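Residue numbers (my numbering), protein chains in the order written: chain A, 65 to 338; chain B, 113 to 358. A short write-up of the structure that comes next.
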Amino acid sequence: MFRNQYDTDVTTWSPAGRLFQVEYAMEAVKQGSAAIGLRSKTHVVLASVNKASSELSSHQKKIFKVDDHIGVAIAGLTADGRVLSRYMRNECINYSYTYESPLPVGRLVVQLADKAQVCTQRSWKRPYGVGLLVGGLDESGAHLYYNCPSGNYFEYQAFAIGSRSQAAKTYLERKFESFMDSSRENLIKDALFALRETLQGEKMTSSICTISILGAGEAFHVLDQETVQRLINEFEIVGEEPPADEAAAPDAEAAAEAATEGAAPDQGAAPMDI
Amino acid sequence: MMHLADSAPVTNNLLGSEADSQRTMYPYVTGTSVIGIKYKDGILFAADMGGSYGSTLRYKSVERLKSVGKHSVIGASGEISDFQEIMRYLDELILYDNMWDDGNSLGPKQVHNYLTRVMYNRRNMFNPLWNSLVLGGIKNGQKYLGTVSMIGVNYEDDHVATGFGNHLARPILRDEWHENLTYEEGVKLLEKCMRVLLYRDRSAVNKLQIAKITDEGFTLSEPYSLKTFWDFNAFNNPTLGAEGSW
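Have a look at this one:
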């Protein structure tokens, strides 16, 4: 994208019918470190890459618990993400207080989207520079949504945002059809594999990633480092290839399958995120 | 009407509403008891159709049982105009809920909690909605029955009642209610309670409705009357034994 004479204000249309400031905001999302979400009928997994600005500093928190039944992973301006998480938590807690019931995710997501839209139509505001993967559980099952700075929102079976997310998306596109009936464990495994794709050969350890899960009978929580490392070891030992077939067999022991495959792993670079 | 001493106008604003004339001090047209019970397929409610004006049984076709959305029923005792106000709140609540059009809907538990918030907040402003409400329903097979009062007291139970119903009906229900009552058994039980109330509650009128809510939906019966028995010797010869009376 290049600078042009229509990109100074969010309230200025370009002749082609574009709002450049909004598009620039979406660029900010692409610059953030990756965040991934996938869902089955009963569970949603949110995962993110922990990028620290330097070796000396800690990494920024990118996954937030919004309520027992809703979690959010962000990519982009984490400060904007924090503020929106606070808004979401507030909405959930107010709803719970009035109705003694969890706020349906679909409704929260619409409120969030409407809030983002406001910033695209006020000359004294700027769009939020953060993309949100909202995972939640309600009466109609588990859901995963993506909220854009533009004020749009979409529901997904699986999605990835942030830098090098295309690699993860390619992986997810291959496997997503099996997710709906996936077991909890396989969903987490797929999240780890998708996350690994975004690391582009970097060594995958539990310190570089955060995994969180929510589901029927399981409140949203972030998995502790020990558990994550154990899971990473489980499939790393088995081989580079992810479990071949997951649709039919619940919790199929990946070891048995990989042993018979014996194929050399493809370590070629994934397509660059343009 | 009620003999509340008219005090001098309050000058401070600590007690809420600007003009005292805007605050509910006492009720005018009131409904008496409402009873609700859980039964096998859902919830049953009974309430008579009386609207008393103090000690006068003035209005005899007041519907005190109303449906709320697809899953709930509300019954009200107390000030009828406040009940109508509550219905406006609830109708608006359900309207906005329906407008989402997203497969989610407010169930009886949510409506009950919402009402509790409304009643309690009004009580805190010293401007109560002068009602005792029974709220019940069934959603996805889950039955729910609760009550809220004008001061915000709320609880759930297998059988609830308002006003005199608490004193006259609930003892009967404690003895004779059980899970898996059939519809016929439930109605019979409610009628037994309503009959006692008819004999003993001076604000009761002999014209009642039964409301039912199940997963299939809401029904409200046509108004009908209970048979009563007055042929007691003491009533036939009321002055027997009262020397000098006629």
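Every residue, glycine too, gets a C-beta built ideally from N, C-alpha and C. Bear in mind the structure is a predicted one, so any value in this text is a computation, not a measurement.
Which two residues bound the contiguous alpha helix (DSSP H) that contains residue i?
| i | result |
| --- | --- |
| A/Asn158 | 142-163 |
| B/Gly277 | 276-288 |
| B/Arg170 | It is not in any alpha helix (DSSP H) - B/Arg170 instead sits in the beta strand (DSSP E) that spans 168-171. |
| A/Ala255 | 248-263 |
| A/Val169 | 169-182 |
| A/Phe84 | 84-95 |
| B/Asn348 | 345-348 |
| B/Glu334 | No alpha helix (DSSP H) contains B/Glu334, which DSSP labels as neither H nor E. |
| A/Ser229 | 229-239 |
How many Å lie between residue i and residue j at the Cα?
| i | j | result |
| --- | --- | --- |
| A/Ser227 | A/Thr262 | 8 Å |
| A/Arg186 | A/Gln124 | 30 Å |
| B/Tyr311 | B/Lys172 | 17 Å |
| A/Asn250 | A/Gln181 | 36 Å |
| A/Leu167 | A/Cys156 | 6 Å |
| A/Glu310 | A/Leu287 | Caution applies to A/Glu310, whose pLDDT of 45 falls short of 50 and renders its modelled position unreliable; the value that the coordinates give is listed next. Those two C-alpha atoms are separated by around 22 Å. |
| A/Thr75 | B/Asp327 | 50 Å |
| B/Tyr369 | A/Pro213 | Nothing in the structure corresponds to residue 369 of chain B, since chain B is present only between 113 and 358. |
| B/Gly356 | B/Pro350 | 13 Å |
| B/Glu175 | B/Ala316 | 14 Å |
| B/Ser261 | A/Arg260 | 58 Å |
| A/Gly195 | A/Arg248 | 25 Å |
| A/Glu237 | A/Ala177 | 25 Å |
| A/Ala258 | A/Thr269 | 14 Å |
| B/Gly264 | B/Thr136 | 15 Å |
| B/Thr340 | B/Thr294 | 24 Å |
| B/Met359 | B/Phe195 | Here chain B covers residues 113 to 358 and nothing more, so residue 359 of chain B does not appear. |
Along the chain, where does the beta strand (DSSP E) that runs through residue i open and close?
| i | result |
| --- | --- |
| B/Gln321 | 320-326 |
| B/Gly298 | Taken as a continuous stretch (DSSP letters only), B/Gly298 belongs to no beta strand (DSSP E), being part of the alpha helix (DSSP H) at 295-312. |
| B/Gly187 | 184-191 |
| B/Thr228 | No beta strand (DSSP E) holds B/Thr228; the alpha helix (DSSP H) holding it covers 220-236. |
| B/Thr142 | 141-143 |
| A/Arg103 | 99-103 |
| A/Leu208 | 205-211 |
Does residue i pass the burial test, meaning 16 or more other C-beta atoms within 10 Å, or should it be called exposed?
| i | result |
| --- | --- |
| A/Ala231 | buried |
| A/Trp77 | exposed |
| A/Ala312 | Low confidence applies here, because A/Ala312 scores a pLDDT of 40, under 50, leaving its location unreliable and the question unanswered by this model. |
| B/Lys324 | buried |
| B/Val223 | buried |
| B/Met231 | buried |
| B/Phe344 | exposed |
| B/Lys221 | buried |
| B/Gly215 | exposed |
| B/His279 | exposed |
| B/Met306 | buried |
| A/Val173 | buried |
| A/Tyr209 | buried |
Is the beta carbon of residue i sitting closer than 9 Å to the one on residue j?
| i | j | result |
| --- | --- | --- |
| A/Ala255 | A/His133 | no |
| A/Val109 | A/Gly101 | yes |
| A/Gly215 | A/Ala137 | no |
| B/Ile284 | B/Val246 | no |
| B/Asn266 | B/Leu202 | no |
| B/His183 | B/Ser145 | no |
| A/Arg153 | A/Val130 | yes |
| A/Tyr192 | A/Ala98 | no |
| A/Gln264 | A/Phe240 | no |
Could you tell me whether the stretch 298-312 of chain B touches the stretch 150-161 of chain B, using the rule of 3 or more Cβ pairs below 8 Å? Taking a contact to require three or more Cβ pairs closer than 8 Å, the stretch 298-312 of chain B and the stretch 150-161 of chain B qualify as touching.
Pairing CB atoms from the stretch 229-242 of chain B with CB atoms from the stretch 268-279 of chain B, are three or more of them under 8 Å? No contact exists between the stretch 229-242 of chain B and the stretch 268-279 of chain B.
Report yes or no: do three or more beta-carbon pairs, one from the stretch 188-207 of chain B and one from the stretch 330-340 of chain B, lie closer than 8 Å? Counting C-beta pairs with one atom in each stretch, the stretch 188-207 of chain B and the stretch 330-340 of chain B have fewer than three that are closer than 8 Å, which means they do not touch.
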